[in-house]
Each structure stands twice: as structure tokens, then as C-alpha cells.
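Colleague:
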Amino acid sequence: MGTASEDTLAVRAVRVEMDVEIEGTMPRVWKALVEEMGTWWPASFYAGKAKAFVLEPRVGGRMYEDWGGGGGLLWYTVVSLDPPRTLELAGHLFPAYGGPATTLVRIELSERDGKTLLRLTDAIHGHLATDTDAKLDTGWKEIFAKAFKSYVEQRAKE
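Per numbering that gives the first Met the number 0, residue 0 is the first one in the sequence shown, and the count goes up by one each step.
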């Protein structure tokens, strides 16, 4: 069994924050976030061959990949929900995905100049590789600044 060297894997905390301005009303952005996640979440981020990507918008609800036949992957559990403003999630990052670590995500929506501002904060604590910060930043931008924003703004034009 191999081990990682201390300089590539250490116990530490990482925090990533990101703001995304979206052309759309807060209720519309909220609906897309909590009811339509399986439509806009990029398939390139799936860990397996998901038949569906699901968010159960209630405290204790799950955010998960459904692989069918009872299989899948739990990404997060909903720990706080304040429609249409805040969604907070708690999850675990297993070694196969860069951990072991715990991740806490907060997504806040607010209105600004007729648009919606989405603020995402991801705080992770655990055994993390030195490039975790950059990978998280890049990943969340791909998911929210590109996929989600494009999805909401395209639907507004239809």
C-alpha cells in the first residue's frame, strides 16, 4: 500500500468563494437551482453513469447521482433551506475523489439591478492535495458560471 508524501496531501482547510450574476429573477433562478438541477448539471461532472442527477429540496434531502438498480453516489445532504434565498449542503469527499474530507457548501441568492446574484461558498476540511483550491475554483466556475448561468439565461429567452 502506497502513501502520499506530506507535501502533496495534508490536513488543511480550503475555502472557495464565487459570485455569478445571472439574467433572471430570483424565483426563476431558485426554481432552476432546486427543481431542475438534473437538467443543467454537466454530465462531465458525474462520477458514474447516472440515469438522473437529483436534488431533494427539503432539509435532510439528498443531492445525488442515480445510477439505477439501487446504485448511485450521494454528493450532499441538505442541511438548511430558506427559499428562495439560501441552500446549504454538507458532504463527504472520499479518497477516490480527492479526500478524505468534509465539504460544506452555501449557495445564496440576492437581487441586484434586476438580476440575480448567486454567491457560492465551499469550505472543505480534511486530507487535501495541494492543488485542491484551483480544482474547486475551476469546477464550481464550470458548473455555475457556465452551465447553470447559460441554462437559466437561455430559458429566459424562450
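A virtual CB, placed ideally from N, CA and C, is assigned to each residue, including glycine.
Is H124 closer than 9 Å to V13 when the C-beta atoms are compared?
Modeller: Yes, these two residues count as a Cβ contact at 9 Å.
Colleague: Cβ of F234 within 9 Å of Cβ of A49?
Modeller: Here the chain covers residues 0 to 157 and nothing more, so residue 234 does not appear.
Colleague: Determine the closest residue to D112 out of V10, G23 and V58, with distance taken between C-alpha atoms.
Modeller: Ranking V10, G23 and V58 by Cα distance to D112 puts G23 first.
Colleague: Spatial neighbours of Y75 within its chain, please: CB distance less than 7 Å, with the 5 preceding and 5 following residues excluded, ordered by chain position.
Modeller: Hits under 7 Å: M62, L88, A89, G90 and V104.
Colleague: Helix, strand or coil: which one does DSSP assign to W66?
Modeller: DSSP places W66 in strand when its eight states are reduced to three.
Colleague: By a C-beta neighbour count over all protein chains shown, 10 Å radius and 16 as the cutoff for buried, is E64 buried or exposed?
Modeller: Buried: at least 16 other Cβ atoms inside 10 Å.
Colleague: So, helix, strand or coil for D18, using DSSP?
Modeller: Residue state, collapsed to three classes: strand.
Colleague: Just tell me which of G68, I106 and K134 has its CA closest to the CA of G98.
Modeller: Of the candidates G68, I106 and K134, the one whose C-alpha sits nearest the C-alpha of G98 is K134.
Colleague: Quick one, which of L119, G68, E35 and R11 has its alpha-carbon nearest T137's?
Modeller: Nearest option by C-alpha distance: L119.
Colleague: Confirm, please, whether the CB-CB distance from V33 to V58 is below 9 Å.
Modeller: Their beta carbons are not under 9 Å apart, which means V58 does not touch V33 by this criterion.
Colleague: Starting from the N-terminal side, write out each stretch of the beta strand (DSSP E) that is 3 residues or longer and does not extend beyond the segment 75-112.
Modeller: Those beta strand (DSSP E) runs which fall completely within the segment 75-112 and span 3+ residues are 85-92 and 100-111.
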